[in-house]
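Scroll down for the structure; my scribbles are underneath it.
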Amino acid sequence: MASEAEIQLPVIDISSATAEVGKQVIDAARQYGFLYIDTASSSFSKEEIDSTFKMVSIILSIFQGNQTSMFKTNPTQAQEFFASPIEEKKEVEIRSDGQNMGWTAMHKETLDPEHQQVATTLFHRSLN
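Under the numbering used here, the first residue of the sequence shown is numbered 4, with each subsequent residue one higher.
The following block contains the structure:
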């Protein structure tokens, strides 16, 4: 009989909703494929956690290149992401430090300012 491999799962304190905590959650999901969050010691409601995980699943699907099939099977997730508050979307905003994937606000990317006609908000996944 094969022996069980021991896995050291990270313990993440979610009592403060910071970008670093979000990164730890996403990193754990990427590395181990699942998470367990005990909300008994936090002030987060079940609805807040469900909403956050919907957004995280959208972001992970986009980063993993599954955005086409994901949006075809559940287009409301994309609608929910873009309808969420700007503060939440800014947590995954494209930055000038070389991170070329994430959300960008309307009017942030203007190719021709004098002739720009369509305003868009988007989520970009880099190929690198």
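Each residue gets a CB set at the ideal place from its N, CA and C atoms; glycine is no exception. Keep in mind the model is a prediction, meaning the values are calculated, not measured.
- Residues that GLU51 bridges to, as DSSP identifies them: In the DSSP output, where bridge partners are listed per residue, GLU51 has none listed.
- Message: How far does the alpha helix (DSSP H) with ILE25 in it extend, from its first residue to its last?
- Response: First, the residue type needs correcting, since residue 25 is Gly and not Ile in the sequence shown. Its alpha helix (DSSP H) spans residues 22-35.
- Task: Write down the C-beta distance between GLU107 and GLU96 rounded to the nearest angstrom, noting that I regard them as a contact closer than 8 Å.
- Result: First, the amino acid is wrong: residue 107 is Thr here, not Glu. Taking the Cβ atoms as the reference, THR107 lies roughly 7 Å from GLU96, within the contact range of under 8 Å.
- Item | Continuous alpha helix (DSSP H) stretch holding GLU90: start and end | Where GLU90 is concerned, the enclosing alpha helix (DSSP H) stretches over 89-93.
- DSSP state of GLU9, grouped into three classes? Here GLU9 carries a coil assignment [DSSP, helix/strand/coil].
- Message: Please state the DSSP three-state secondary structure of GLU96.
- Response: Taken through DSSP and simplified to helix, strand or coil, GLU96 comes out as strand.
- Measuring CB to CB, does GLY36 end up less than 8 Å from GLU94? At least 8 Å separates the beta-carbon of GLY36 from that of GLU94.
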